[in-house]
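Peer 1:
2 protein chains.
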Amino acid sequence: MNAATPSVAEGPLALVCGGGSLPLAVADSVAARGRRVLLFPLRGVADPKDYAGREHTFVYLGQLGTLARIARPLGCREIVLIGALTRPSLWSIRPDWLALRLLPRIVMAFRGGDNHLLTNIGKLIEEQGFTLRGAHEVAPEILTPQGPLGRLTPSADDAADIAIGLDYLATAGRFDIGQAVVVAGRNIVAVEAAEGTDQMLARVAALRAEGRIRAPGGVLVKAPKPQQDRRLDLPSIGPDTVDMAEHARLSGIAVIAGGTVVAEPAALAAAADKAGLFVVGVAGPVP
Amino acid sequence: MNAATPSVAEGPLALVCGGGSLPLAVADSVAARGRRVLLFPLRGVADPKDYAGREHTFVYLGQLGTLARIARPLGCREIVLIGALTRPSLWSIRPDWLALRLLPRIVMAFRGGDNHLLTNIGKLIEEQGFTLRGAHEVAPEILTPQGPLGRLTPSADDAADIAIGLDYLATAGRFDIGQAVVVAGRNIVAVEAAEGTDQMLARVAALRAEGRIRAPGGVLVKAPKPQQDRRLDLPSIGPDTVDMAEHARLSGIAVIAGGTVVAEPAALAAAADKAGLFVVGVAGPVP
Numbered sequence: 000m001n002a003a004t005p006s007v008a009e010g011p012l013a014l015v016c017g018g019g020s021l022p023l024a025v026a027d028s029v030a031a032r033g034r035r036v037l038l039f040p041l042r043g044v045a046d047p048k049d050y051a052g053r054e055h056t057f058v059y060l061g062q063l064g065t066l067a068r069i070a071r072p073l074g075c076r077e078i079v080l081i082g083a084l085t086r087p088s089l090w091s092i093r094p095d096w097l098a099l100r101l102l103p104r105i106v107m108a109f110r111g112g113d114n115h116l117l118t119n120i121g122k123l124i125e126e127q128g129f130t131l132r133g134a135h136e137v138a139p140e141i142l143t144p145q146g147p148l149g150r151l152t153p154s155a156d157d158a159a160d161i162a163i164g165l166d167y168l169a170t171a172g173r174f175d176i177g178q179a180v181v182v183a184g185r186n187i188v189a190v191e192a193a194e195g196t197d198q199m200l201a202r203v204a205a206l207r208a209e210g211r212i213r214a215p216g217g218v219l220v221k222a223p224k225p226q227q228d229r230r231l232d233l234p235s236i237g238p239d240t241v242d243m244a245e246h247a248r249l250s251g252i253a254v255i256a257g258g259t260v261v262a263e264p265a266a267l268a269a270a271a272d273k274a275g276l277f278v279v280g281v282a283g284p285v286p
Numbered sequence: 000m001n002a003a004t005p006s007v008a009e010g011p012l013a014l015v016c017g018g019g020s021l022p023l024a025v026a027d028s029v030a031a032r033g034r035r036v037l038l039f040p041l042r043g044v045a046d047p048k049d050y051a052g053r054e055h056t057f058v059y060l061g062q063l064g065t066l067a068r069i070a071r072p073l074g075c076r077e078i079v080l081i082g083a084l085t086r087p088s089l090w091s092i093r094p095d096w097l098a099l100r101l102l103p104r105i106v107m108a109f110r111g112g113d114n115h116l117l118t119n120i121g122k123l124i125e126e127q128g129f130t131l132r133g134a135h136e137v138a139p140e141i142l143t144p145q146g147p148l149g150r151l152t153p154s155a156d157d158a159a160d161i162a163i164g165l166d167y168l169a170t171a172g173r174f175d176i177g178q179a180v181v182v183a184g185r186n187i188v189a190v191e192a193a194e195g196t197d198q199m200l201a202r203v204a205a206l207r208a209e210g211r212i213r214a215p216g217g218v219l220v221k222a223p224k225p226q227q228d229r230r231l232d233l234p235s236i237g238p239d240t241v242d243m244a245e246h247a248r249l250s251g252i253a254v255i256a257g258g259t260v261v262a263e264p265a266a267l268a269a270a271a272d273k274a275g276l277f278v279v280g281v282a283g284p285v286p
């Protein structure tokens, strides 16, 4: 399959952009392949400063009509959603006329887990005649490769912690909880659910400060959920993740190679080296 | 088996008391059966005020020698450990001469999970010629019965949340993590690990306040870990748990009937009624 080498014949790609630097990295990667990119940063989520120098149209998550009206006449048939997206409030979706007709189903989508919500948004997009693609399909270089990203590598103790974390995440994945755990001294000391990875790492730092986690080191282990639709929700790490892990006094970070996005890999490797942490892509199941 | 009806012929019972009101409830229950109880509140853990009116000897967790010296001549052969015990620091163990010889193994015990730690302490006690009993064996009335404890009962939505929580806890139990989750709107929104139930409930309250948990209601589901040695670590709830659950705006609390201790059941039922929460003992696996 040649998903990684799209041609101009495929038409422009619509990129619906959440927060962070990842959407721009994907845009640059796709543009470097010679494909036109239409940027639709999400209002209230993406930072306007990041888009100041590029052609773009700010949209609310519910404005499929606006997006379709701009993208269709340009020959666009494919949409990618990428970037940080905190679970939106119904208000910030700002439904347009098209989304309004779909609103009952959008509301229903909120009743399930995050996967459920995103799956429904994906279905709505496809019903409008667009194909939903994964960012990793149009810009495969954003995925973590196997092996260490920086200078450091996991010790045998770290490897034992990583194995426990991967085992747990595979086991608990069917519950649509989080995508990450912290394992230290072969104990799972924190499990991510609604709070997200950053807040979980802040909790580990606090428990450490209180003397309630005594084992030194430890690893943040992050994996895609088994039933995750990777077109909609790719786990990601970046330099911020390294900062949080350093603050929690971990030894390093392990993610599934090919299953996790690294925003700014060079910056992340430099941050990891500076902090004395390893960041490693490990073999594991990719949905 | 007549574990619930000990006779004077069994000799006095040594009760090593952690924090909270539960040790005294157990002591009263055992004494009411006509058996003498020797109280060994843990220094730095149990509240001296609670023991002012009773004969007792404060000990550190590591002072098996002191305990044995007092209890053995009185014909005591059985020990129960009961009450809240935050993972002790090596310092607060204050090893005596006996524990010093055992210190390498105590240190080893700290390298595993909580279960591992407690199992090792249990083994040390048994090697000194004492039999370790569970509080639920000598005072079975401390266990939650099946059915509601207060006036309110779970709705159908609550029952669905409870089922998801029980399923998760059974699945994740082999990892020796926490004993509790919060499920709201059929999503697991928080998983307890090293932080404990109280801090997990505080997190749910904060996520609610930030609008990051949108489903109303929700249930705290608490169960013994599958591999848990109930003589060493019984999950427990009390009026404080109800206060925390109310603060997190939950609908109620579900625990495994016969597998969870209720400190002060009357006070807990009154607190639940006042807060408008249900507290229910449900059928489930008891290790």
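Residue numbers (numbering that gives the first Met the number 0), protein chains in the order written: chain A, 0 to 286; chain B, 0 to 286.
Cβ atoms here follow ideal geometry from the backbone N, Cα and C, with glycine treated the same way.
Give me, in chain order, the residues of the same chain whose beta-carbon lies closer than 7 Å to that of Ser6 (chain B); leave out the 5 immediate sequence neighbours on both sides.
Peer 2: For Ser6 (chain B), the predicted model reports a pLDDT of 46, less than 50, meaning its position is unreliable; a value from the coordinates is still stated below. Same-chain partners within the cutoff: there are none.
Peer 1: Three or more beta-carbon pairs under 8 Å between the region 182–194 of chain A and the region 210–220 of chain A, yes or no?
Peer 2: Touching, yes.
Peer 1: For Asp156 (chain A), which of helix, strand or coil comes out of DSSP?
Peer 2: Three-state DSSP puts Asp156 (chain A) in a helix.
Peer 1: To the nearest angstrom, how far is the alpha carbon of Phe39 (chain B) from that of Ala134 (chain B)?
Peer 2: Using only the alpha carbons, I get a separation of about 14 Å.
Peer 1: Decide yes or no for the touch test of the region 245–254 of chain B against the region 271–279 of chain B: beta carbon pairs closer than 8 Å, at least 3 of them.
Peer 2: Short answer: they touch.
Peer 1: At the 8 Å Cβ level, is Leu206 (chain B) part of the contact set with chain A, yes or no?
Peer 2: Yes, because at least one Cβ of chain A sits closer than 8 Å to the Cβ of Leu206 (chain B).
Peer 1: Tell me whether Ile124 (chain A) sits in a helix, a strand or coil according to DSSP, three-state version.
Peer 2: Helix.
Peer 1: Is it a yes or a no for the region 190–198 of chain B touching the region 266–275 of chain A, going by three-plus beta-carbon pairs under 8 Å?
Peer 2: Short answer: they don't touch.
Peer 1: For Gly82 (chain A), collect the residues of the same chain with a Cβ closer than 6 Å to its Cβ; drop the 5 residues on either side in sequence, then sort them by chain order.
Peer 2: Result list for Gly82 (chain A): Cys16, Gly17, Gly18, Gly19, Leu21, Pro22, in chain order.
Peer 1: If you draw a straight line from the C-alpha of Pro153 (chain A) to the C-alpha of Gly177 (chain A), how long is it?
Peer 2: When rounded, the distance between both Cα atoms is 23 Å.
Peer 1: Excluding the 5 residues flanking Glu125 (chain B) on each side, which residues of the same chain have their C-beta closer than 8 Å to its C-beta?
Peer 2: Correct list, in chain order: Leu131.
Peer 1: Mind listing which residues of the region 164–191 of chain B have their C-beta closer than 9 Å to chain A's C-betas, in chain order?
Peer 2: Within the region 164–191 of chain B, the qualifying residues are Asp166, Tyr167, Thr170, Ala171, Arg173, Phe174, Asp175, Ile176, Gly177, Val180, Val181, Ala183, Gly184, Arg185, Asn186, Ile187, Val188, Ala189, Val190, Glu191.
Peer 1: In whole angstroms, what is the alpha-carbon distance linking Thr65 (chain B) and Glu136 (chain B)?
Peer 2: So the two alpha carbons sit approximately 25 Å from each other.
Peer 1: Are Asp46 (chain B) and Gly149 (chain B) touching if we call contact CB-CB under 8 Å?
Peer 2: Against a cut-off of 8 Å, the Cβ pair of Gly149 (chain B) and Asp46 (chain B) comes out as no contact.
Peer 1: Quick one: measure Cβ to Cβ for Ala244 (chain B) and Leu165 (chain B), integer angstroms, because I've assumed they're closer than 8 Å.
Peer 2: Wrong, their Cβ atoms sit about 17 Å apart, outside the cutoff.
Peer 1: Using the beta-carbon of each residue, which ones in chain A are nearer than 7 Å to Ala193 (chain B)?
Peer 2: Per Cβ cutoff of 7 Å: Val188, Ala189, Leu206, Arg211, Ile212.
Peer 1: Taking DSSP's pairing of strands, which residues face Pro147 (chain B) in a bridge?
Peer 2: B:Val279.
Peer 1: What separation, rounded to the nearest whole angstrom, lies between the Cα atoms of Pro147 (chain A) and Val79 (chain B)?
Peer 2: Rounded to the nearest angstrom, the two C-alpha atoms are 49 Å apart.
Peer 1: Against chain B, with Cβ distances strictly below 8 Å, would Arg71 (chain A) count as a contact?
Peer 2: No, because no Cβ of chain B sits closer than 8 Å to the Cβ of Arg71 (chain A).
Peer 1: Comparing the C-beta of Arg132 (chain A) with each C-beta of chain B, is any distance below 8 Å?
Peer 2: Cβ-Cβ to chain B under 8 Å: no for Arg132 (chain A).
Peer 1: Just the Cα atoms here: how many angstroms apart are Gly33 (chain A) and Leu12 (chain A)?
Peer 2: Cα to Cα, Gly33 (chain A) sits roughly 11 Å from Leu12 (chain A).
Peer 1: Please compile the residues from chain B whose C-beta is within a distance smaller than 7 Å of the C-beta of Ala202 (chain A).
Peer 2: Inspection of the sequence shows that residue 202 (chain A) is occupied by Arg rather than by Ala. Those are Glu194, listed as they occur along chain B.
Peer 1: Compute the distance between the beta-carbons of Leu168 (chain B) and Val220 (chain B), then report whether it is under 8 Å.
Peer 2: Yes, the Cβ-Cβ distance between Leu168 (chain B) and Val220 (chain B) is below 8 Å.
Peer 1: Assuming Leu63 (chain B) and Leu123 (chain B) form a contact by the criterion Cβ under 8 Å, report the distance between their Cβ atoms to the nearest whole angstrom.
Peer 2: About 6 Å separates the two Cβ atoms, so the contact holds.
Peer 1: Starting from the C-beta of Leu89 (chain A), find all residues in its chain whose C-beta is less than 6 Å away, skip the five residues before and the five after it, and write them out in chain order.
Peer 2: Confidence at Leu89 (chain A) is low in this model, with a pLDDT of 43, below 50, so the placement of that residue should be treated as unreliable; the coordinate-derived value is given next. Same-chain partners within the cutoff: there are none.
Peer 1: Give the DSSP-derived three-state secondary structure of Ala244 (chain B) in the structure shown.
Peer 2: Three-state result, Ala244 (chain B): helix.
Peer 1: Tell me the DSSP secondary structure of Asn1 (chain B) in three-state form.
Peer 2: Per-residue confidence for Asn1 (chain B) stands at a pLDDT of 44, beneath the threshold of 50, marking its modelled position as unreliable; the derived number appears in the next sentence. Looking at Asn1 (chain B) - three-state DSSP - the assignment turns out to be coil, as it is neither helix nor strand.
Peer 1: Assuming Val281 (chain A) and Ile161 (chain A) make a contact with CB atoms under 8 Å, what is their CB distance in whole Å?
Peer 2: Contact holds; Cβ gap of about 6 Å.
Peer 1: Per DSSP, Thr130 (chain A) is paired with what?
Peer 2: DSSP output for Thr130 (chain A) lists A:Glu77 as bridge partner(s).
Peer 1: DSSP three-state label for Leu165 (chain A), please.
Peer 2: Here Leu165 (chain A) sits in helix by DSSP.
Peer 1: Output the boundary residues of the beta strand (DSSP E) element that contains Gln14 (chain B).
Peer 2: First, the residue type needs correcting, since residue 14 (chain B) is Leu and not Gln in the sequence shown. 12–16 is the span of the beta strand (DSSP E), which, as asked, contains Leu14 (chain B).
Peer 1: If you draw a straight line from the alpha carbon of Phe109 (chain A) to that of Val180 (chain B), how long is it in whole angstroms?
Peer 2: Only weak support is given to the placement of Phe109 (chain A): the predicted model assigns it a pLDDT of 43, under 50, and the value that follows is read from those uncertain coordinates. Straight-line Cα distance between these residues: approximately 20 Å.
Peer 1: Tell me which same chain residues have a C-beta within less than 8 Å of the C-beta of Cys75 (chain A), skipping the five on either side of it?
Peer 2: If we look at Cys75 (chain A) and ignore the five residues flanking it on each side, its Cβ neighbours are Gly10, Pro11, Leu12, Ala13, Leu37, Phe129.
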